[in-house]
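Participant: Numbering (the numbering used here), first residue to last: 826 to 1175. Built from N, CA and C at the ideal position, the CB exists for glycine as well. My structure is below; once you've seen it, I'll send some questions.
In structure tokens:
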């Protein structure tokens, strides 16, 4: 046979012991004594429920005692949270604005722990206490920053050259396909814009030079001028400007994004050198791509000048290309090539 469950007698609500409101309220309120003799004593809980009241009550006193200063005694504070620390910081700022100072006296363990947890809010702003910088100090600081930046640039260039030539002897240290991917992005994808600009440069140089040489009956030398200028100066320079604006800005944005997202720090954590992993493939790709683009740009500029002379000067095809072949010298080609290599290194390192 199953027994019936035992019934627990109900206790009437009137027999429950009543809560003493005075004892509970004493531990949940904040008492402010003072200011007397330039000191204010706080007792109780300085939390989000009482922080606004503390600020409103003490702000006039802080301004009134700005000349001699005001001290806060926190030895009786039982609890101090982040809102209370913010209120103390606001009072300290109000005292400084009034030309005075708010000092912290004795602190309880709870208050000290909270102030140690939020030191920036409890202490004065560093900008407010920082003395004005003199002229020579500002010049020295700027010069030191420039010297430090130049030294960092030299260190990056040295590491890039070292790891580039070391990677040529140690192929396992170089990422597979990284150089070819950079060549595709830096060189091949830049062919359309380089072709358009250098073609137009050849046309413009031909038009400007023809207008002057025609006065002397020497318009046939337009071909010589276009050839020499495109191979020696305009071809390398315009190609470098286009690549710096297109690929150089993309490289700078990529490296900056990796720095912000801490990918560079992650590479160091994994034992990988960021210069070898990031900079060297771009350096090799730029060294290969920019000279090739320079040769291509020079050829297109000469072709643009040919079309201009064919239409504007009525110079025959055979005459133009004969003058071009006579004007081309190995020194001009090598000089343009060396300039393009130097421009490529400057773009990557900077």
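Rounding to the nearest angstrom, what Cα-Cα distance links residue 1013 and residue 967 in this structure?
Facilitator: 41 Å
Participant: Which two residues bound the contiguous alpha helix (DSSP H) that contains residue 1019?
Facilitator: 1016-1038
Participant: Determine the extent of the alpha helix (DSSP H) in which residue 1148 is found, giving its start and end residues.
Facilitator: 1142-1152
Participant: Below 8 Å on the Cβ atoms is my guess for residue 1063 versus residue 1122; work out the distance and round it to an integer in Å.
Facilitator: 7 Å
Participant: Is it the case that the Cβ atoms of residue 922 and residue 871 are separated by a distance below 9 Å?
Facilitator: no
Participant: Under 8 Å by Cβ, that's how I've got residue 1172 and residue 1095 pegged, so tell me the actual separation to the nearest angstrom.
Facilitator: About 28 Å separates the two Cβ atoms, so there is no contact after all.
Participant: Residue 869 by DSSP, collapsed to three states: which one?
Facilitator: strand
Participant: Residue 1156: buried (16+ other C-beta within 10 angstroms of its C-beta) or exposed?
Facilitator: Exposed.
Participant: Taking Cβ positions, are residue 1165 and residue 1011 nearer each other than 9 Å?
Facilitator: no
Participant: Taking only beta-carbon positions, decide if residue 1122 is within less than 9 Å of chain D.
Facilitator: Reference to chain D is not applicable here, since this structure consists of a single protein chain.
Participant: The beta strand (DSSP E) that contains residue 902, what's its start and end?
Facilitator: 895-905
Participant: Expressed to the nearest angstrom, what Euclidean distance is found between the alpha-carbon atoms of residue 911 and residue 896?
Facilitator: 17 Å
Participant: Which residue's Cα is closest to the Cα of residue 1019: 1051, 991 and 1069?
Facilitator: 1069
Participant: Cβ of residue 874 within 8 Å of any heavy atom in the ligand ADP?
Facilitator: Among the ligands in the structure shown, none appear at all, so the ligand ADP cannot be discussed.
Participant: Could you tell me the boundaries of the alpha helix (DSSP H) in which residue 929 lies?
Facilitator: No alpha helix (DSSP H) holds residue 929; the beta strand (DSSP E) holding it covers 927-932.
Participant: Counting only runs of 3+ residues fully inside the segment 1047-1131, write out the beta strand (DSSP E) ranges in chain order.
Facilitator: none
Participant: So residue 977 and residue 933 are supposed to be a Cβ contact under 8 Å. How far apart are they, rounded?
Facilitator: Their Cβ separation, rounded to whole angstroms, is 49 Å, which puts residue 977 and residue 933 out of contact at 8 Å.
Participant: Can you give me the start and stop residues for the alpha helix (DSSP H) that residue 1169 sits inside?
Facilitator: 1155-1174
Participant: Is residue 1093 buried or exposed, if buried means 16 or more other CB atoms sit within 10 Å of its CB?
Facilitator: exposed
Participant: What are the boundary residues of the alpha helix (DSSP H) that residue 880 is part of?
Facilitator: 876-889
Participant: In whole angstroms, what separates the C-alpha of residue 879 from that of residue 1085?
Facilitator: 41 Å
Participant: Can you tell me the Cα-Cα spacing of residue 1009 and residue 1106, whole angstroms?
Facilitator: C-alpha separation (whole angstroms): 12 Å.
Participant: Considering residue 1009, what are the terminal residues of the alpha helix (DSSP H) in which it resides?
Facilitator: 1003-1011
Participant: For residue 985 and residue 1007, I'd like the C-alpha separation in whole angstroms.
Facilitator: 16 Å
Participant: Taking the beta carbon of residue 1108 as the centre, do at least 16 other beta carbons fall within 10 Å, making it buried, or is it exposed?
Facilitator: It counts as buried.
Participant: Give the straight-line distance between the Cα atoms of residue 1100 and residue 988, rounded to the nearest whole angstrom.
Facilitator: 8 Å
Participant: Within a Cβ cutoff of 7 Å, which residues of the same chain sit near residue 935, ignoring the five residues on either side of it in sequence?
Facilitator: 902, 903, 904 and 905
Participant: Kindly indicate which three-state DSSP category residue 1196 falls into: helix, strand or coil?
Facilitator: Residue 1196 is absent from the structure shown; the chain starts at 826 and stops at 1175.
Participant: Please name the residue in 1029, 979, 1039 and 1174 whose C-alpha comes closest to that of residue 1126.
Facilitator: 1029
Participant: Among 1116, 875, 884 and 1175, which one has its Cα closest to the Cα of residue 1015?
Facilitator: Closest by alpha carbon: 1116.
Participant: How long is the line joining the alpha carbons of residue 1162 and residue 1003, rounded to whole angstroms?
Facilitator: Taking the straight line from one Cα to the other gives about 24 Å.
Participant: In whole angstroms, give me the CA-to-CA distance for residue 1174 and residue 990.
Facilitator: 16 Å
Participant: Is it buried or exposed, residue 1033, if we count other Cβ atoms within 10 angstroms and call 16 or more buried?
Facilitator: exposed
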